[in-house]
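The sequence shown lines up with residues 1 to 399 when you count with this note's numbering. In what follows, a structure is listed as structure tokens, so that the remarks can point back to it.
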Amino acid sequence: MSYDLLNGVRVLDLTAVVVGPAATWRLGQYGAEIIKVENPEGDLMRGLGGLSPTGQHAGAYLHLNRGKRNICLDLKAAGAPEVMTRLVAWADVIVANMRPKALTKLGLDADTIRTKHPDKIYCLLTGYGSDGPYGGFPTYDSVVQGAVGLPGLSLARDGEPRYVPLLICDHVVGEIAAGAIMAALLNRHRTGAGVTLEVPMFETMATMVLQEHLAAQSFDPPVGPYGDQRLLSPYNKPIKTKDGYIAVTINTDPQVKAFLIATGRTKIAADPRFASVAARAVNVAEWFEIRGAALDDKTTDEWLALFRATDLAAMPIHSIESLSHDPHLTAVGLMTQEVHPTEGASSVLRSSILVNGTVLDRRSSSAPKGWHSAEVLEELGFSVLEAKAMFEQGTAIAG
């Protein structure tokens, strides 16, 4: 049985790079129909995301733009406003991550659209909230990582600031934006009214960091320093084994006792400094030094067998290469192969979410630039001659 939870919902995608495409990708995974509008230069991520057979579908672009039809338009050309007027009328949801000034100039800002169409849901993804002093500043994932203190956390723990080697802010904020859009769709179903959403990357990620690391400073007066001292411990890292590394997390008192006995530290198991959650919180530095000490007398596989026998949470440390061949991911079919229309054989990642035990349907390949331009123009009511004129004038580009 197929589950299209957002069947019938139409999304106009005015986004590029990662944060916006991540949000609309998620909506597409749930069954929404998406039309992505791309400028003649193309989404920066087509090339910025790395190598590809044609140079037009970097891996990240390939994965983030599945299930979207693509129309290529020069939004500054004379005929483009009429195309956009019809696309806006077609859509239930408009998602944009262009700068607000550029959207206003094109007449594609929330106020302009929702004045004409109060039932539309308009979601603007920004770097910083428009009402604050940073509003309108340009940004990218690494800049937001720095602004919210992620490299600062590495500095506090490891003595050197480092970015998370993943576009973590883009992905997280994109997912949160998709959730906000779905809440707005539920509200519209109940009330008939649209809403304007703004999802700023800085504030969204700052909230996540502070939820963890405001910590003892959350109280007035404070009861301790900033930062979750467990997470900031230099010993909070993968544990060295005889032939690699292993990830182990132990939190409850029974888990701690089982871990200490399994690793031959029976005397420590009786130490009152580590005998309870409260005691370990007081002695967090000493506890994490013990917990993070090397286990280099056994291999990773030997430790995994031992820990799993006592029901402890433990996994090997994957490399990027080994993750794509993980036996569990292979068994559940997270990644398969397909033939892309221009790139040939390519890997496909399905949604990780199951509905009533059923995997959500895989969506169509990410489309080459302008692949659906003629098809979309026809559906919007433009005649063959009108579409031909747009292509000849460069207003629209066909794939």
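Think of the CB as a built atom: it goes at the ideal place given N, C-alpha and C, for glycine as much as any other residue.
* Does DSSP classify Glu38 as helix, strand or coil? -> In the three-state scheme derived from DSSP, where H, G and I count as helix and E and B as strand, Glu38 is classed as strand.
* To do: Look at the Cβ atom of Asp311, then the Cβ atom of Ala258, and state whether they are nearer than 9 Å.
  => Using a Cβ distance threshold of 9 Å, Asp311 and Ala258 count as a contacting pair.
* Exposure label - Ser52; buried when at least 16 CB within 10 Å -> Looking at its Cβ environment, which holds 16 or more other Cβ atoms inside 10 Å, Ser52 is buried.
* Asked: Per DSSP, what kind of secondary structure is Tyr61 in: helix, strand or coil?
  -> DSSP, reduced to helix, strand and coil, places Tyr61 within a helical segment of the structure shown.
* Return the CA-CA distance between Thr263 and Ser233, expressed in angstroms with no decimal places. => Rounded to whole angstroms, Thr263 and Ser233 show a C-alpha spacing of 21 Å.
* To do: Indicate whether the contact test is met: 3 or more Cβ pairs, each with one atom in the region 166-184 and one in the region 17-37, closer than 8 Å.
  => Between the region 166-184 and the region 17-37, the count of C-beta pairs closer than 8 Å reaches three or more; the two stretches touch.
* Which residues mark the beginning and the end of the alpha helix (DSSP H) in which Ala281 is found? -> In this chain, the alpha helix (DSSP H) harbouring Ala281 covers Val277 to Val282.
* To do: Given a cut-off of 9 Å, decide if Glu375 and Arg69 are closer than it, judged by their beta-carbon atoms.
  => Glu375 sits close to Arg69, with the two beta carbons spaced by under 9 Å.
* Is Thr176 helix, strand or coil when you go by DSSP? -> Contrary to the premise, residue 176 reads as Ile rather than Thr in this sequence. Taken through DSSP and simplified to helix, strand or coil, Ile176 comes out as helix.
* Could you confirm whether any beta carbon from chain D is found closer than 9 Å to the beta carbon of Val19? => In the displayed structure, chain D is absent; only one protein chain is listed.
* Of the listed residues Gly28, Leu12 and Leu354, nearest to Val37 (C-alpha basis) -> Among Gly28, Leu12 and Leu354, the Cα nearest to that of Val37 is on Leu12.
* Asked: What span of residues does the alpha helix (DSSP H) with Arg46 cover, start to end?
  -> Met45 to Leu48 is the span of the alpha helix (DSSP H), which, as asked, contains Arg46.
* How far does the beta strand (DSSP E) with Ala96 in it reach, from first residue to last? -> Annotation: the continuous beta strand (DSSP E) that includes Ala96 extends over Val93 to Ala96.
* **Asp92 to Gln337 span [Cα, whole Å]** => Asp92 and Gln337 have their C-alpha atoms roughly 32 Å apart.
* Around the C-beta of Gly344, are 16 or more other C-beta atoms found within 10 angstroms, so that it is buried, or is it exposed? -> With fewer than 16 other CB atoms across the displayed protein chains lying within 10 angstroms of its CB, Gly344 is exposed.
* Output the boundary residues of the alpha helix (DSSP H) element that contains Pro151. => Note, Pro151: alpha helix (DSSP H), Leu150 to Asp158.
* Which one of Gly152, Thr330, Arg291 and Val248 has the shortest CA to CA distance from Ala305? -> Among Gly152, Thr330, Arg291 and Val248, the Cα nearest to that of Ala305 belongs to Val248.
* Cα-Cα separation between Ala180 and Leu214, rounded to whole angstroms -> So the two alpha carbons sit approximately 25 Å from each other.
* To do: Look at the Cβ atom of Glu33, then the Cβ atom of Arg10, and state whether they are nearer than 9 Å.
  => Contact flag set, yes.
* Can you tell me whether Lys369 is buried or exposed, with buried defined as 16 or more other CB within 10 angstroms of its CB? -> Within 10 angstroms of the beta-carbon of Lys369 lie 16 or more other beta-carbons, which makes it buried.
* Which residues DSSP lists as bridging Ala396, in chain order -> In DSSP, Ala396 forms a bridge with Leu73.
* When the Cα atoms are used, what is the spatial distance from Ala294 to Gly227? -> A straight-line Cα-Cα distance of about 25 Å links Ala294 and Gly227.
* Asked: If we count the other Cβ atoms within 10 Å of its Cβ and call it buried at 16 or more, is Gly357 buried or exposed?
  -> By the neighbour-count definition (other C-beta atoms within 10 Å, threshold 16), Gly357 is an exposed residue.
* Asked: Looking at C-alpha atoms only, which residue of Arg99, Thr196, Leu231 and Ala178 is the closest neighbour of Arg157?
  -> Among Arg99, Thr196, Leu231 and Ala178, the Cα nearest to that of Arg157 belongs to Leu231.
* **Cβ neighbour criterion (16 or more within 10 Å) applied to Ser130** => Ser130 should be labelled exposed.
* Measuring alpha carbon to alpha carbon, tell me which of Leu103, Tyr61, Cys72 and Ile35 ends up nearest Ala89. => Selected option, being the one with the closest Cα: Ile35.
* When DSSP builds the beta bridges, which residues end up paired with Glu338? -> The partner list for Glu338 (beta bridge, DSSP) reads Ser346.
* To do: Quick one: grab the DSSP three-state call for Ala294.
  => Reduced to three states, the DSSP call for Ala294 is coil.
* **Segment limits, beta strand (DSSP E) that includes His5** => Here the sequence assigns Leu to residue 5, which means His is not the residue at that position. Annotation: Leu5 is outside any beta strand (DSSP E) and is labelled neither H nor E by DSSP.
* Asked: So is Gly55 buried or exposed if we call it buried at 16+ other beta carbons inside 10 Å?
  -> In this structure Gly55 is exposed. Its beta-carbon is surrounded by fewer than 16 other beta-carbon atoms within 10 angstroms.
* Asked: Cβ of Gly135 versus every heavy atom of the ligand FAD: is any distance shorter than 8 Å?
  -> The ligand FAD is not part of the structure shown, which contains no ligands of any sort.
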